[in-house]
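Per this note's numbering, the sequence shown runs over residues 14 to 465.
We treat Cβ as the ideally placed atom computed from N, Cα and C, and that holds for glycine.
Worksheet: the structure to be examined is printed underneath.
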Amino acid sequence: MAIKTFKGGIHPPERKVATSGKVIQRIPSPAQVVIPINQHFGAPNKPLVQVGDTVKRGQKIADGASPGPMTVPVHASISGIVKKIEPRTQSNNTEGLCIVIEANGSQEEAFMPPLDGLACSKEEALQRIREAGLVGMGGAGFPVHVKLNPPPNKPISLVIANGAECEPYLTIDEATMIEEADKVVQGLLIVMNIVGVDRGVIALEDNKERALTSLQEAIARHGKGKNIQVQLLKTKYPQGGEKMLITAITGKEVPSGGLPMDVGCVVQNVGTLKAIAEAFYEGKPLIERGLTVTGGACKTPKDIIAPIGTLVSDIPSSEIELDEEHLAKVIFGGPMMGTAVPHLGIPIQKNTSGVVFMTREEFQRDNDEEGPCIRCGRCIRACACRLSPVIMNIALKTGDLEAAARIGLLDCIECGACTYVCPAHIQLVQRFRVGKQLLRNKRAKEAALSAK
14 MAIKTFKGGI
24 HPPERKVATS
34 GKVIQRIPSP
44 AQVVIPINQH
54 FGAPNKPLVQ
64 VGDTVKRGQK
74 IADGASPGPM
84 TVPVHASISG
94 IVKKIEPRTQ
104 SNNTEGLCIV
114 IEANGSQEEA
124 FMPPLDGLAC
134 SKEEALQRIR
144 EAGLVGMGGA
154 GFPVHVKLNP
164 PPNKPISLVI
174 ANGAECEPYL
184 TIDEATMIEE
194 ADKVVQGLLI
204 VMNIVGVDRG
214 VIALEDNKER
224 ALTSLQEAIA
234 RHGKGKNIQV
244 QLLKTKYPQG
254 GEKMLITAIT
264 GKEVPSGGLP
274 MDVGCVVQNV
284 GTLKAIAEAF
294 YEGKPLIERG
304 LTVTGGACKT
314 PKDIIAPIGT
324 LVSDIPSSEI
334 ELDEEHLAKV
344 IFGGPMMGTA
354 VPHLGIPIQK
364 NTSGVVFMTR
374 EEFQRDNDEE
384 GPCIRCGRCI
394 RACACRLSPV
404 IMNIALKTGD
414 LEAAARIGLL
424 DCIECGACTY
434 VCPAHIQLVQ
444 RFRVGKQLLR
454 NKRAKEAALS
464 AK
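Here's what the structure looks like:
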């Protein structure tokens with residue numbers, strides 16, 4: 014099997030050995046959960062419950078504040094009583110409205126009836142996916158039902174299951190492909206049926222040999238008559254980026270400002286595919302997820318399954334033992350694209366792929382002081398999007414947002430490779446994030462003025 018890849022990229026230390034190959038463990042249900050009502054990219058939700066209400070596990074507790082496709086409901090992850098509806102700090106460090114549920118010991122569930130994902134209509138399938146609260150579990154939380162319903166002028170020819178998991182430390186996707194390969198393939202078949210294609214590719218890096226075997230066996234069980242194959246990719250960061258995956262597998266490049274559908278592709282994370290299979294065949298909404306808990310300050314690194322809304326501080330010490338003396342930083346997600354959070358009282362969300370408990374030695378370099386750019390070109394060679402970070406940085410430093418946009422600011426995927434390789438320790442990706450927001454604000458203000 015030929016091993017494919019993309020141009021550019023970097024090779025940070027993998028640091029996956031602490032959890033790779035371990036069996037996923039389901040942690041005990043917590044005494045309370047704190048569930049953010051907005052866990053998707055799109056229009057805001059509103060609560061459907063009030064303080065004092067009794068809710069069942071799987072019951073819808075929040076949905077779109079106004080009608081529209083870019084809304085995704087949220088469900089109770091435990092049975093209990095609604096104790097509070099209030100703003101709390103979320104994993105992106107913003108304050109967001111959350112529903113606090115205290116467990117009441119009930120085991121009642123409010124799941125949906127099973128639905129055959131290969132026999133129902135496209136409309137029924139998309140409705141089931143939306144009602145199950147499914148979002149992309151490997152990235153920004155984009156609504157799955159929207160992603161699987163491209164306009165008629167964007168025909169899809171290939172569905173890619175993203176199992177690359179290129180972020181250091183994280184192994185939950187690998188564990189899912191090993192232990193739940195059947196559900197991954199079943200979810201892939203449902204997606205292929207919805208978008209009307211008979212070709213699917215499960216993409217994973219070549220450091221996941223056990224997952225390769227499990228997937229091939231699952232394809233033999235469920236994928237008869239379908240063109241589904243496993244494609245190995247070179248272990249390199251950010252191989253798991255959608256655009257990098259598509260280029261590596263098809264040779265096509267998503268155009269500037271474009272989406273995978275522009276080149277006939279749909280990409281879904283393997284964890285999302287597992288959740289899709291459960292939504293159809295078990296009627297189970299997205300109320301729990303697998304994630305990796307690891308890092309130098311975690312004495313018991315492992316992959317776990319936890320209810321959505323579980324506070325990191327509420328995970329029992331018997332499950333996660335921390336070295337609090339040496340704990341210096343907590344990252345939600347991976348160390349390259351994740352977010353550092355201020356404390357442990359942060360809830361696990363639908364797109365939380367991991368929590369990394371880092372010591373200072375793991376992230377602090379000998380000298381973190383930012384120096385002047387020496388025009389070495391390392392950031393250009395590392396950029397998987399084939400941009401010029403050094404030139405974008407110059408444009409942003411001079412305040413020329415439109416020049417930065419012309420160079421490719423909005424095409425940056427914020428993978429952090431440029432920052433990682435910069436010998437001057439320039440915080441490039443952080444500047445690009447801020448620059449993007451400033452550019453969007455500027456254009457929104459200009460649009461509002463022109464509309465008057």
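Have a look at residue i and residue j and give me their C-alpha separation to the nearest angstrom.
| i | j | result |
| --- | --- | --- |
| His438 | Ile387 | 11 Å |
| Arg446 | Met205 | 34 Å |
| Thr432 | Gln440 | 6 Å |
| Glu427 | Pro41 | 35 Å |
| Gly367 | Lys465 | 46 Å |
| Gln63 | Ala288 | 28 Å |
| Leu202 | Gly236 | 8 Å |
| Arg141 | Leu161 | 12 Å |
| Thr248 | Thr260 | 15 Å |
| Pro165 | Leu452 | 31 Å |
| Val214 | Gly118 | 43 Å |
| Leu324 | Asn106 | 14 Å |
| Lys363 | Leu272 | 22 Å |
| Glu137 | Pro348 | 39 Å |
| Leu217 | Val283 | 10 Å |
| Ile318 | Asn240 | 31 Å |
| Gly21 | Lys59 | 43 Å |
| Glu459 | Phe124 | 46 Å |
| Ser227 | Leu245 | 14 Å |
| Asp316 | Ala224 | 15 Å |
| Ala333 | Glu115 | Checking the sequence, you will find Ile at residue 333 rather than Ala. Roughly 22 Å separates the two Cα atoms. |
| Ile300 | Ile321 | 5 Å |
| Lys69 | Ile94 | 9 Å |
| Ala457 | Cys278 | 30 Å |
| Leu110 | Ile98 | 7 Å |
| Met257 | Thr67 | 46 Å |
| Ile359 | Asp219 | 34 Å |
Within the continuous alpha helix (DSSP H) that includes residue i, where are the two ends?
| i | result |
| --- | --- |
| Asp186 | Ile185 to Glu192 |
| Asn454 | Leu441 to Ala464 |
| Lys160 | Val157 to Lys160 |
| Ala75 | Note, Ala75: premise wrong, no alpha helix (DSSP H); beta strand (DSSP E) at Lys73 to Gly77. |
| Leu228 | Glu222 to His235 |
Looking at the secondary structure, which residues open and close the beta strand (DSSP E) in which residue i lies?
| i | result |
| --- | --- |
| Met371 | Gly367 to Met371 |
| Lys312 | Neither: Lys312 is in no beta strand (DSSP E) and is coded neither H nor E. |
| Glu115 | Glu108 to Ala116 |
| Leu258 | Segment Glu255 to Thr263 is the alpha helix (DSSP H) holding Leu258; no beta strand (DSSP E) there. |
| Val325 | Run containing Val325: none; DSSP gives neither H nor E here. |
| Asn175 | Leu171 to Asn175 |
Have a look at the DSSP bridge pairing and note the partners of residue i.
| i | result |
| --- | --- |
| Thr67 | Ile94 |
| Arg141 | None; Arg141 has no bridge partner. |
| Arg212 | Asn240 |
| Ile317 | Gln38 and Leu304 |
| Pro100 | Leu110 |
| His339 | His339 is not bridged to any residue. |
| Val198 | Answer is none; Val198 lacks a bridge partner. |
| Glu122 | Arg70 |
| His438 | DSSP, once it has assigned bridges, lists no residue as partnering His438. |
| Glu136 | Note: Glu136 sits in no beta bridge, so no partner. |
Let me see if you follow: with CB-CB separation under 8 Å, is residue i close to chain B or not?
| i | result |
| --- | --- |
| Gly151 | This model lacks chain B altogether, as it is built from one protein chain only. |
Compute every distance between the C-beta of residue i and the non-hydrogen atoms of the ligand NAP, then say whether any falls below 7 Å.
| i | result |
| --- | --- |
| Leu462 | In the structure shown, the ligand NAP is absent, as is every other ligand, since no ligand is present at all. |
Exercise for the section: Indicate whether the contact test is met: 3 or more Cβ pairs, each with one atom in the region 101 to 116 and one in the region 76 to 85, closer than 8 Å. Expected result: no
Handout entry: Given 8 Å, three or more beta-carbon pairs between the region 173 to 191 and the region 296 to 306
Key = yes
Exercise for the section: List in chain order: all unbroken alpha helix (DSSP H) runs of 4+ residues lying wholly within the region 271 to 305. Expected result: 283 to 294
Exercise for the section: Could you pull out every unbroken beta strand (DSSP E) segment of at least 3 residues lying fully inside the region 342 to 369, listed in chain order? Expected result: 342 to 345 and 352 to 354
Exercise for the section: Decide yes or no for the touch test of the region 394 to 405 against the region 367 to 376: beta carbon pairs closer than 8 Å, at least 3 of them. Expected result: no
Exercise for the section: Entirely within the region 15 to 65 and at least 3 residues each: give me those beta strand (DSSP E) ranges in chain order. Expected result: 45 to 49 and 58 to 60
Practice task
Mind listing, in chain order, the continuous beta strand (DSSP E) runs of no fewer than 3 residues lying wholly within the region 372 to 431?
Solution key: none
Exercise for the section: Inspect the CB distances between the region 121 to 140 and the region 27 to 46 and report whether three or more fall short of 8 Å. Expected result: no
Problem - the region 42 to 57 contacting the region 336 to 348, beta-carbon criterion three pairs below 8 Å - result: no
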